[in-house]
Each structure stands twice: as C-alpha cells, then as structure tokens.
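K.L.:
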Amino acid sequence: MREVLIVGSTLLPPNNNHPTPPPPLPPTTTTPKPYTNKHYPPAKLSRSSSFSRPPLLLKSFESKSSSSNYYGGLASKLAQEGKLEEFLMIAETVLVSIPSSVFVASLNVKLVSLGVSTLISDDRLELVIGFMNRILKLGINPSLLFDKSVTKLLAFKCRALVRTNKLKEAVNLMETLAGFHFSIKEFVKPSEIFKLCVQESDPEAAVRYACMLPNATNLFSSIILKFGKKGDLSSSVIAYEASKCKSDGPNMYACRTMIDVCALCGDFMKSRCIYE
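With the numbering used here applied, the sequence shown closes on residue 275, and no number is skipped along the way.
Set out below in structure tokens:
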C-alpha cells in the first residue's frame, strides 16, 4: 500500500499556485502597421489647402463680370440717393481690379442721372462739379455717366447765367463742362454770348468761348469784326492777339479782318503795321 502511494505521487504534477508563462513568440522582422480609421482617414494637406478658401474681398473679385455688375448697381443706387462720396469710394476700389469701361458699363445711367439732376435742381451744382472732377481723375469720361436730363439741366444753368448778364460765370461754367467732355455747342447760342461780350467789352471771354466750339478759327474773325463795328478798336486788337495764341498757325482771315477793322476805326497806321 505504501508503495502504491509513492508511485501515485510521482505521477501527479506538482501543485503550483503560479501559472506557467506561455512560450515566447518567434522573432519577426515585419513592423506593425499603425492604426488608421477606415471610415475617417486623415486629410491630406497640400501647400494650397490652407488657402483654398480666399478672403471675402478677394473672393468677390473672382468673377469680374458678376462683381462689376454688383458694385455698379450698388454705386448707381448710392448716386440716386445723392451719396456721391460713397459712389466715388466704390469706384476707386473697383477700378483697381477692372477697367474703367467695364465699371461704366455696369452702371445704371438712369439712376445716376436722377440723383445728379436732383442735386443740380437743389442749387448744389458746385458739389456736382467736384464729383465730375474726381471722376475725370479716375480716368472716366464724366459725360458718359449721365443721360440727356442732366445735359438739359446744365444747359439751363448756363442760359440762366447769360440771361442775368453773368458773363464770366457762364463762360467759366461752360469751359469747365467742356473739360468734362460735354458738347456745349447747343447750351447757349454763340450769338448771345458774343453779343454780351461786346456789351461788356470783354474780348478775352469771347475768345475763350470760341475755343470751346469746333469752328473756333472762323469765329475769331467774327469776334474781331463785332468789336470793330462797335468802334472798340482796343478790344478788337486784344481779341486778335488772343486768337493768334489759340491758333496752330497764322490765321489769314483774322489778319484780314483786323486790317479792315483798323481802317473802319480810322487807325490806318495800325492797319499798315498789321499788313506789313
């Protein structure tokens, strides 16, 4: 019996409270792949990805056609409300990116004319002149911004000055408007201006006005003769000398008229000097 117990004890495994560790894994040469979420892979960044969404101001100019139409419409509404300074701010900003012709084409001429006409009717012509002067400096022909309603109002202002015998103011205004590319030929009848110039003995104003008209060379002779018929030889001489400065070359018609005027006024020596 004792021998059986001894043999049995040798066959049973020893009682060990600690589990036997698993055998080590065989060595491997492959590197484990990092974990990536299959459903939400990391975004691939490029050099331009951080700038894929441009600022609002730059984005607004991506489509030049749509942006010019938007700003042209906005500027037109501001002009209609008489806010010419705000109109100029938009024009100065937009013209950095688009040609002036594109901006002008995007404007609503009717709305702009309505606002400017209201200002002229409210005796704020000086404000309108300043506005057109700044528009001209931006490289835009001011006359292209308005329709016939503005032109008629400007002509009315010029005629009103002539009717009240404000010759210098009328000539100054028309000279300014001519610089803005307005055709002033139909604003006032030339005969009315020259008649007032003769009454005021102002040959310089007569020559200045004549230079605004397309047939200035022919008008010089008429001006000299009008003063001569009045017997104002000194004014005729001033008009003659001024016409020489305004002409590209010798004006034989003016010379001939001046000789006739000298004879008409009895100054034959002056006539001889001009002839020689």
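We treat Cβ as the ideally placed atom computed from N, Cα and C, and that holds for glycine.
Pull up the CB-CB distance for L143 and V103, whole angstroms please, since I reckon it's below 8 Å.
P.N.:
In the sequence shown, residue 143 corresponds to position 144, counting from 1. In the sequence shown, residue 103 corresponds to position 104, counting from 1. Between V103 and L143 the Cβ distance is about 6 Å, and since that is below 8 Å, they are a contact.
K.L.:
Provide the residue span of the alpha helix (DSSP H) that contains D259, from first to last.
P.N.:
The sequence position of residue 259 within the sequence shown is 260, counting from 1. Taken as a continuous stretch (DSSP letters only), the alpha helix (DSSP H) holding D259 covers M251 to L263.
K.L.:
Grouping DSSP H, G and I as helix and E and B as strand, with all else coil, what is K76?
P.N.:
Here residue 76 refers to the residue found at position 77 when the sequence shown is read from its first residue. Helix, per DSSP.
K.L.:
Spatial neighbours of P21 within its chain, please: CB distance less than 7 Å, with the 5 preceding and 5 following residues excluded, ordered by chain position.
P.N.:
In the sequence shown, residue 21 corresponds to position 22, counting from 1. Because the pLDDT of P21 is 49, which lies under 50, any placement of that residue in the model is unreliable, and the question is left without a value.
K.L.:
Roughly how many whole angstroms lie between the Cα atoms of I139 and E191?
P.N.:
What you label residue 139 is simply residue 140 of the sequence shown in a count that begins at 1. What you label residue 191 is simply residue 192 of the sequence shown in a count that begins at 1. Rounded to whole angstroms, I139 to E191 spans 32 Å at the Cα level.
K.L.:
So, at 6 Å on beta carbons, what are the nonlocal neighbours of S112 in its own chain, with the 5 sequence-adjacent residues on each side left out?
P.N.:
Locating residue 112 in the sequence shown gives position 113, where the first residue counts as 1. So the list reads F145, D146, S148 and V149, once near-sequence residues are dropped.
K.L.:
Looking at R158: is its Cβ nearer than 8 Å to the Cβ of V187?
P.N.:
Residue mapping note: residue 158 aligns to position 159 of the sequence shown, counting from 1. Residue mapping note: residue 187 aligns to position 188 of the sequence shown, counting from 1. Cβ atoms of R158 and V187: closer than 8 Å.
K.L.:
Check T163 in the structure and name its three-state DSSP category.
P.N.:
Indexing the sequence shown from 1 puts residue 163 at position 164. Coil, per DSSP.
K.L.:
From S120 to G248, what does the alpha carbon distance come to, in whole angstroms?
P.N.:
In the sequence shown, counting from the first residue as 1, residue 120 sits at position 121. In the sequence shown, counting from the first residue as 1, residue 248 sits at position 249. One C-alpha to the other measures close to 43 Å.
K.L.:
Mind checking F130: buried by the 16 CB within 10 Å criterion, or exposed?
P.N.:
For this step, residue 130 is matched to residue 131 along the sequence shown. So F130 ends up on the buried side.
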